[in-house]
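Report on the structure given below.
Protein chains: 2
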Amino acid sequence: MDHMYRSHNCGELRASHIGQGVTLSGWVQKGRDLGGMTFVDLRDRYGITQLVFNLDANEELTMAARKLGREFVVQIKGQVEERSSKNSNRATGDIEINVTELKVLNASMTPPFTIEDETDGGDDIRMKYRYMDIRRNPVRDNMIFRSKLALETRKFLDSQDFVEVETPCLIKSTPEGARDFVVPSRLNPGQFYALPQSPQTFKQLLMIAGMDKYFQIVKCFRDEDLRADRQPEFTQIDCEMSFVTIEDILNTFEGLTKHLFKHTLDRDLGDFPRMSYDEAMERYGSDKPDLRFDMEFVELNDIAKGHDFPIFDAAELVVGICAKGIADDYSNKDMKKLTEWMQRPQIGAKGLIYVKLMADGIIKSTVGKYYTDDQLRIWADKMGAEPGDVMFIVSGEAEKVRKQLNELRLEMGSRLGLMKDGDFKPLWVIDFPLLEWDEDSERFHAMHHPFTSPKQEDMNRMLTGDHETMKALRADAYDLVINGSEIGGGSIRIHDRELQSRNFDLLGFTKEEAEEQFGFLMGAFEYGAPPHGGIAFGFDRLCAVMNGQSSIRDFIAFPKNNQGRDMMIDAPSPVDGDQLNDLNLVFDFKED
Amino acid sequence: MDHMYRSHNCGELRASHIGQGVTLSGWVQKGRDLGGMTFVDLRDRYGITQLVFNLDANEELTMAARKLGREFVVQIKGQVEERSSKNSNRATGDIEINVTELKVLNASMTPPFTIEDETDGGDDIRMKYRYMDIRRNPVRDNMIFRSKLALETRKFLDSQDFVEVETPCLIKSTPEGARDFVVPSRLNPGQFYALPQSPQTFKQLLMIAGMDKYFQIVKCFRDEDLRADRQPEFTQIDCEMSFVTIEDILNTFEGLTKHLFKHTLDRDLGDFPRMSYDEAMERYGSDKPDLRFDMEFVELNDIAKGHDFPIFDAAELVVGICAKGIADDYSNKDMKKLTEWMQRPQIGAKGLIYVKLMADGIIKSTVGKYYTDDQLRIWADKMGAEPGDVMFIVSGEAEKVRKQLNELRLEMGSRLGLMKDGDFKPLWVIDFPLLEWDEDSERFHAMHHPFTSPKQEDMNRMLTGDHETMKALRADAYDLVINGSEIGGGSIRIHDRELQSRNFDLLGFTKEEAEEQFGFLMGAFEYGAPPHGGIAFGFDRLCAVMNGQSSIRDFIAFPKNNQGRDMMIDAPSPVDGDQLNDLNLVFDFKED
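As they're listed, the protein sequences go chains A and B.
Start counting at 1 in the first sequence, then tack on 976, and there's your number in the working numbering.
Start counting at 1 in the second sequence, then tack on 976, and there's your number in the working numbering.
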C-alpha cells in the first residue's frame, strides 16, 4: 500500500464518490459475516463507513477481514460502490467500499467496555481508560462542542476589541477564600508559589495598565474537599473592562452569551430579564432561580397568621408554592415521604404543611384543625391554586424557610417535568449585598470577593457607617444564571486605595496582612487606576448547561475523580526522595 | 457629568467628527501651558487625543486642567474642533477637543519612570511596576500582537478540523528530562502532582482516543536554573495528528506558519526549504542555521592537509568561512581580539587561523610559513573569497570545530549587518538522529524525546541492532527554524508497545521504571493506537522572532526574572505554617 494513510476520512464519502478508488484508515467498530460477504464498519472521528469483503472474489482478504477484532486500527484501499440497502441514519449510508487491500496498522485487545453511545462501562473503568471513552460519540461530541464554544467566545470578544492576555500560573498564595495549591520553589528555598484560584488581581492590574478590554480562557485551581461535580482545576472565561458601568458590562456579556447560543446551537435568546438579589430570594428563595417554570413563592403571613395555629403565629414567614395537578396522584404516603425528604439535614425543614385541592372539590390538608375550607380557599385564591393542585407551605425564620422551599420548588419542578431540555431561561441577578455577617466567626465575609465595589450611592456610607449600615450595603455585583445554574458572576471593582483598605478592615484583615498580601494592588491604585469591572464565566459549567447536562466532568477531556485523582495516569503519586531534598522538604504525616 | 464614561475612545476622532459633542476618558500623557491656552494629551489603549482649555473662556476649568499630573485618570466633555496646526503623525491629529467639563476619576503619584516609547526606567523598576510599563506603546503593542497571533492560530487550525482540547495541569511527575514543579496533594498525603513540561503523553492519548487532529495553546512549566530568556512558565502551540506521515505534518504546519505571517504581518513566505540534520551541521555547524545570510562552511581537508602544518595535519576537520569586505578594516589587534573571543570557554576554540585578501591583492595570513600565496589562492577559489575578504579557518575534532565556527559565523553575520530585521528565512531541519550517546553517563539520551519514532526503515534495526547501529538510527523528527531560532519541533511518535519498550530500555529505564512512569501510555498502545505525530511551537519565541526581537520576556504580560521571581507581586513567598501542616510537609533547609 502506498505511503498515504487515507484519501478521505470515514465520514465524507457520498453517492457522488461512487466509482472512485479511495484509501481509508480507522477503527473497526464491528464486523458481520453474511455467508459469502463480510461487512466491517470502519470508524473515525468523522463518521462510519461500511467496508465489504467478498469471499468469492478474494478469499484471502475476506479471511483476514474476518479476523479483525473490535478497535483494530486498519488501512484499506477499495472502490466506492452504491449500497443495495441504504442506511438513511448514516451520512455515508448510500455507499460502501469494496475492499481490495487491507493492512492492520495496529491490533487491539478487547476493550474493557463497549465503544457505543450507550456503553456498559461504569464510571471508574471509563475514567481509567478515558482514551477509549472519548472514542464514544457523546464524549467526542462534547469535546468538539467545547472547542467550538471556546473559538466562538474568542471571535466575539475579539470583534469587541478585547485582548486575550495570559496571566501567570505561578503566583502568590493568599489565605483569603478557598485553599490554594502551593508549589515549592527550588530556587527560593522555603518559599512557595500558588496556583491561581482566578486571575482576579492580574486582570485588575491589566486595567490599570490601560489594556481597556481583557479576556482570557484560563485554567484556575482550588484545593477544596471535592464535592460532586467539582474539579481541582477548572476553566473560566475571564473578562475585565475599563471605564464601564454595570450597564456596559451586562450588555457586553449578554451579547457574548447570545452569540454563543446562536453560533453553536443556532438558538436565539431574547433579551435577558434582570432581578435584584432581594427579589430573587423573595420570589424563588434562591439567587439562581430556574425560570423554566413559575411555581413562585406566595407569602401568606397576612392570611395564615392569627388563627391560633401556633407554628405559623410564631413564624417570621409563612410561605408556599402551588404544585399543579398532583392532588389526586399524591397519596398520604407520598406526602409523608416528601415531608421526610424536606426534614433531611441537607434541607432541615421542621415540617411541611400541605393543602390538597382534590379534583372533585374536596379539600384535604394537614391544618384542617385550624383553618376552615373557606379560609383555605382564600389561600388558594392567593396562590392561584385550582382543583387538582397542592399547596405546600413552610414557615419559620424567613431566610431559612426560603432556602428550604427553594429545594422543594426544584424537586417539584423536576418531578412535574417542568425543567425542559432545550429550553433556556437566562437571568441577570443584580444588586447583591456587599458583605455577609458570619455569626460563628463574628466577622464579615465578602459576598462576591474583597475587590467588589459598593454601589456608587453606598460608598460614603461604607467609609463612615456603623455595623448595621455595613450589613445593608449593596454591591455593584451581578450573576448570570441560566436554568438555575450560575454561569457567570462579576462586579464593578474598587479602584480607590482608601475604599479598598476600608474593605479589608471590614473583612478582618490587619493593615499588615492587607499590605503583605495585596500591597501591590493597593499601590497600583495610586498610579492612575481607571474605574473598571468584569465578569468570569464558568466554562465547564456553560458547556454542560448548553447541552442540558448536569455534570461538568463530561466536558473535561481528562477529569479527576472525587478524591482529586487522575485514574488514568494515577496521579498524584509519591515522588523521588531526591526531588523533595532539592526542595528542602520533609514529609511528616500526622494522623488527624 | 452623566454616567457614561465615554462616547468615543482616544484614538478614533477624525475631521468628520468636527462639531460633535463627545465624552472621553483616559490618562494624562502630558500637559502644556501656552499663555491663555492649556493643552493636555489624553491617552488610552487606542491613541492620544489633544484637549484644549481656554483661560479666557473658562478660568476655573483651565486652572483645574493645569493641576493635572502625568497619568491622572480623567473624564472630559467637550466639542470636537479642527486643529489650527495639524499633527500628521497622529491618527487624531486633525482635531482637538474644546473641553467644557473635566472630572478627575483618579489621581496618580508621579510614575517612577516615563511612560514613553523610550523610557528612562531600568529593567528591575519596570518589572516591579509592570502595570505602568504595559501602558507604553511598544509593550502594549506586543500584548496585542500576541493576542492576534493566538487567534489567527486558532482560526487556521479550526479551518483544518483541529479540535482544541484542554489537557490537565495537575499531572504526574516523571524524572525524565528537565525538572518538574511539584504540587503537594492535601487529599492524598505524601503524594504530589507535577505541572506539565508539555502535554506530550496526553496529546498522544487523544490520538489513541480518536480525536484525529488536536491542538492547544497551553502553558508549560520547567523548574530549570534560569538562563537569560528562559521562563519557568511558557506557552506552546501544541499539535498532534493521526494517520499522518512527516509530509502531512510539514505541509500542515508550514501552512499554519505562512497563514500567521500573512495575517499578522502581511508577509508572504515562500515555500520553506528543507535540510537534513547532517547537512545543516556540515554547511552551518548548527541544527538551527540562520539563513538570512550565506557564509557557508567550506571544508578544506583536501587542500589544507599534507603541507607539514601539524595542526591541520592532526585535525579531523579543517573548515572555514569567508567574511566579505573586511580585510582592510580589521587590524591585527582586531584579529587578536576575535581569536580570544573564539578561545573563551563558552566557545573553546584552540585558535583561529585567518587569511586576509587585501584589496590591493596582497595576502596576509597566520599560516604564511606553511602555505605559499598561490596555495592560499586555491583556498580562496574554493571559498569564493575575493580581494577585500577574510577567510577564517578552524580545525580539530569535526563536531567541535563545527560548533565553534557556527559561533563565529553568527558573530560575523551580526557584525556585517547580514541579519536584517524584517527578513524572514524559515527552514525545516529533518532527519535528526534518534539517540545521542552521552560519554559521561554512559547511556543514550533521546535527541528529541522518548516517544519519537525511528524512521520506518530503521525500525527493525532498532529492535535488533548493536550499539553502533543505535548511534546511526535516524528519527522521523523535524524542527522549524526561522532566522536561526528554533520555533517548533516535533516527530512521528512510536505507537507500538514493543518499540516503545525497546526505546525505554535503550534510554536506561528499567522495566519497572518504564511501567511505573509510562505504563498508562504503553497500555494504551494495546487498545488500538493509530500512527500519529505532532509538533509544538514555542509561542513566546514565535512572537519575539516575528517582531525581530530577541527577548521573549517582552511578549509576556507578567514575566519572572532570572531568579524565577515575580517582582511585582513578590512571589514566591513564605506560606502559613498551617498551610504546610495541612500538607504534612516540614521545611528543612540544608545548605549545600
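Positions of the beta carbon are idealized from the N, C-alpha and C atoms, including for glycine.
Fair warning: this is a prediction, and the values are worked out from it, not measured in the lab.
Quiz item: Is it true that the CB of residue 1330(B) sits closer than 8 Å to the CB of residue 1318(B)?
Solution: The sequence position of residue 1318(B) within the second sequence is 342, counting from 1. The sequence position of residue 1330(B) within the second sequence is 354, counting from 1. Going by C-beta atoms, residue 1318(B) is not nearer than 8 Å to residue 1330(B).
Practice problem: Kindly indicate which three-state DSSP category residue 1120(B) falls into: helix, strand or coil? | Solution: Position 144 of the second sequence, counting from 1, holds the residue named residue 1120(B). Reduced to three states, the DSSP call for residue 1120(B) is helix.
Quiz item: Can you give, in chain order, each stretch of the alpha helix (DSSP H) that sits fully within the region 1402-1468 of chain B and has at least 4 residues?
Solution: 1435-1440 and 1443-1448
Quiz item: In whole angstroms, what separates the C-alpha of residue 1001(A) from that of residue 1123(A)?
Solution: Position 25 of the first sequence, counting from 1, holds the residue named residue 1001(A). Position 147 of the first sequence, counting from 1, holds the residue named residue 1123(A). Going from the Cα of residue 1001(A) to the Cα of residue 1123(A) covers about 24 Å.
Quiz prompt | Supposed contact pair residue 1143(A) and residue 1194(A) - C-beta distance, whole angstroms, cut 8 Å | solution = Taking the first residue of the first sequence as 1, we reach residue 1194(A) at position 218. Taking the first residue of the first sequence as 1, we reach residue 1143(A) at position 167. Contact holds; Cβ gap of about 7 Å.
Practice problem: Measuring alpha carbon to alpha carbon, tell me which of 1324(A), 1041(A), 1303(A) and 1030(A) ends up nearest residue 1365(A). | Solution: In the first sequence, counting from the first residue as 1, residue 1365(A) sits at position 389. Here the closest residue by C-alpha is 1303(A).
Quiz item: Thinking C-alpha only, which one of 1410(A), 1314(A) and 1399(A) is nearest residue 1370(A)?
Solution: Position 394 of the first sequence holds residue 1370(A). Checked all of 1410(A), 1314(A) and 1399(A); the closest Cα to residue 1370(A) is 1314(A).
Practice problem: Helix, strand or coil for residue 1508(B), going by three-state DSSP, please let me know. | Solution: In the second sequence, counting from the first residue as 1, residue 1508(B) sits at position 532. Residue 1508(B) falls in the strand class under three-state DSSP.
Quiz item: To the nearest angstrom, how far is it from the Cα of residue 1013(B) to the Cα of residue 1227(A)?
Solution: Numbered from its first residue, the second sequence carries residue 1013(B) at position 37. Numbered from its first residue, the first sequence carries residue 1227(A) at position 251. Cα-Cα distance, rounded: 39 Å.
Quiz item: Are the C-beta atoms of residue 1569(B) and some chain A residue less than 8 Å apart?
Solution: With chain B running from 977 to 1568 in the structure shown, residue 1569(B) is simply not present.
Quiz item: Closer than 8 Å, CB to CB, is residue 1471(A) near chain B or not?
Solution: In the first sequence, counting from the first residue as 1, residue 1471(A) sits at position 495. By this cut-off, residue 1471(A) is an interface position.
Quiz prompt | Contained beta strand (DSSP E) runs [length at least 3] in the region 1184-1235 of chain B, N- to C-terminal order | solution = 1189-1197 and 1209-1218
Self-check item: Closer than 8 Å to chain A by CB, residue 1303(B)
Solution: Mapped onto the second sequence, residue 1303(B) falls at position 327. By this cut-off, residue 1303(B) is not an interface position.
Quiz item: Along the chain, where does the beta strand (DSSP E) that runs through residue 1160(A) open and close?
Solution: Here residue 1160(A) is taken as the residue at index 184 of the first sequence, counted from 1. Residues 1158-1160.
Quiz prompt | 8 Å Cβ cut-off: residues of chain D touching residue 1195(B) | solution = Within the model displayed, chain D is absent; protein chains A and B are what it includes.
Practice problem: Report the three-state DSSP secondary structure of residue 1240(A) (helix, strand or coil). | Solution: In the first sequence, the residue the question calls residue 1240(A) occupies position 264. Three-state result, residue 1240(A): helix.
Quiz prompt | As assigned by DSSP and simplified to three states, the class of residue 1002(B) | solution = Counting from one through the second sequence, the residue named residue 1002(B) turns up at place 26. Residue 1002(B): strand per DSSP, three-state reduction.
Self-check item: CA-to-CA distance, residue 1125(A) to residue 1399(A), given in whole angstroms
Solution: Numbered from its first residue, the first sequence carries residue 1399(A) at position 423. Numbered from its first residue, the first sequence carries residue 1125(A) at position 149. Going by the C-alpha atoms only, they are around 19 Å apart.
Self-check item: residue 1485(B) to residue 1494(B) span [Cα, whole Å]
Solution: By one-based count along the second sequence, residue 1485(B) stands at place 509. By one-based count along the second sequence, residue 1494(B) stands at place 518. In a straight line, the C-alpha of residue 1485(B) is about 11 Å away from that of residue 1494(B).
Quiz item: What is the DSSP secondary structure of residue 1135(B), counted as helix, strand or coil?
Solution: For the purposes of this step, residue 1135(B) is taken as the residue at position 159 of the second sequence. Three-state DSSP puts residue 1135(B) in a helix.
Self-check item: For residue 1129(A), three-class secondary structure by DSSP
Solution: The count along the first sequence starts at 1 and reaches residue 1129(A) at position 153. Helix at residue 1129(A).
Quiz prompt | Inter-residue Cα distance where the pair is residue 1615(A) and residue 1263(A) | solution = Chain A is shown from 977 up to 1568; residue 1615(A) falls before or after that span and cannot be answered.
Quiz prompt | Close-in-space but distant-in-sequence residues of the same chain around residue 1409(A) (CB under 6 Å, 5 per side omitted) | solution = Here residue 1409(A) refers to the residue found at position 433 when the first sequence is read from its first residue. Excluding sequence neighbours, residue 1409(A) sits near 1423.
Quiz item: Whole-angstrom Cβ separation of residue 1298(B) and residue 1271(B), contact assumed at under 8 Å?
Solution: Against the second sequence, residue 1298(B) aligns to sequence position 322. Against the second sequence, residue 1271(B) aligns to sequence position 295. Correct: roughly 7 Å between the Cβ atoms.
Quiz item: Of all the options 994(A), 1107(A) and 1101(A), which has the alpha carbon lying nearest to the alpha carbon of residue 1505(B)?
Solution: Counted from its first residue, the second sequence places residue 1505(B) at position 529. If we check each option's Cα against that of residue 1505(B), 1107(A) comes out closest.
Quiz item: To which residues of the same chain is residue 1068(B) closer than 8 Å at the C-beta, ignoring the five residues directly before and after it?
Solution: In the second sequence, residue 1068(B) corresponds to position 92, counting from 1. Cβ within range, chain order: 986, 987, 988, 989, 990, 1023, 1024, 1025 and 1026.
Exercise. Specify whether the region 1333-1353 of chain A and the region 1240-1247 of chain A touch according to this definition: at least 3 beta carbon pairs, one from each stretch, less than 8 Å apart.
Key: no
Quiz item: Relative to the C-alpha of residue 1462(A), which residue among 1404(A), 1470(A), 1533(A) and 1489(A) is closest?
Solution: As a first step, residue 1462(A) is located in the first sequence; it is residue number 486 there, counting from the start. The shortest C-alpha separation from residue 1462(A) is found at 1404(A).
Quiz item: Which partner residues does residue 1016(B) have in the DSSP bridge list?
Solution: Position 40 of the second sequence, counted from the first residue, corresponds to residue 1016(B). Answer is 1007(B) and 1027(B).
Quiz item: Counting contacts by CB-CB distance shorter than 8 Å, is residue 1110(A) in contact with chain B?
Solution: As a working note, residue 1110(A) is residue 134 in the first sequence. Chain B, which has a Cβ nearer than 8 Å to the Cβ of residue 1110(A), makes this yes.
Self-check item: Any non-hydrogen atom of the ligand COA within 7 Å of residue 1049(A) CB
Solution: With respect to small molecules bound, the structure shown includes none, and the ligand COA cannot be examined in it.
Quiz prompt | Per DSSP, cross-strand counterpart(s) of residue 1332(B) | solution = Start at 1 with the first residue of the second sequence, and residue 1332(B) comes out as number 356. Paired residue(s): 1340(B) and 1366(B).
Quiz item: For residue 1507(A), does the count of other Cβ atoms within 10 angstroms reach 16, so buried, or fall short, so exposed?
Solution: Translated into positions along the first sequence, residue 1507(A) becomes position 531. So residue 1507(A) ends up on the buried side.
Quiz prompt | Beta carbon proximity, residue 1547(B) to chain A, threshold 8 Å | solution = Translated into the one-based positions of the second sequence, residue 1547(B) becomes position 571. Answer yes: the Cβ-Cβ gap between residue 1547(B) and chain A drops below 8 Å somewhere.
Exercise. Give me the Cβ distance between residue 1171(B) and residue 1197(B), rounded to the nearest whole Å; I'm assuming they're in contact under 8 Å.
Key: Here residue 1171(B) is taken as the residue at index 195 of the second sequence, counted from 1. Here residue 1197(B) is taken as the residue at index 221 of the second sequence, counted from 1. Yes, they are in contact, since the Cβ atoms of residue 1171(B) and residue 1197(B) sit about 4 Å apart, within 8 Å.
Quiz item: If you scan the region 1483-1507 of chain A from start to end, which runs of the alpha helix (DSSP H) of 4 or more residues do you find wholly inside it?
Solution: 1487-1500
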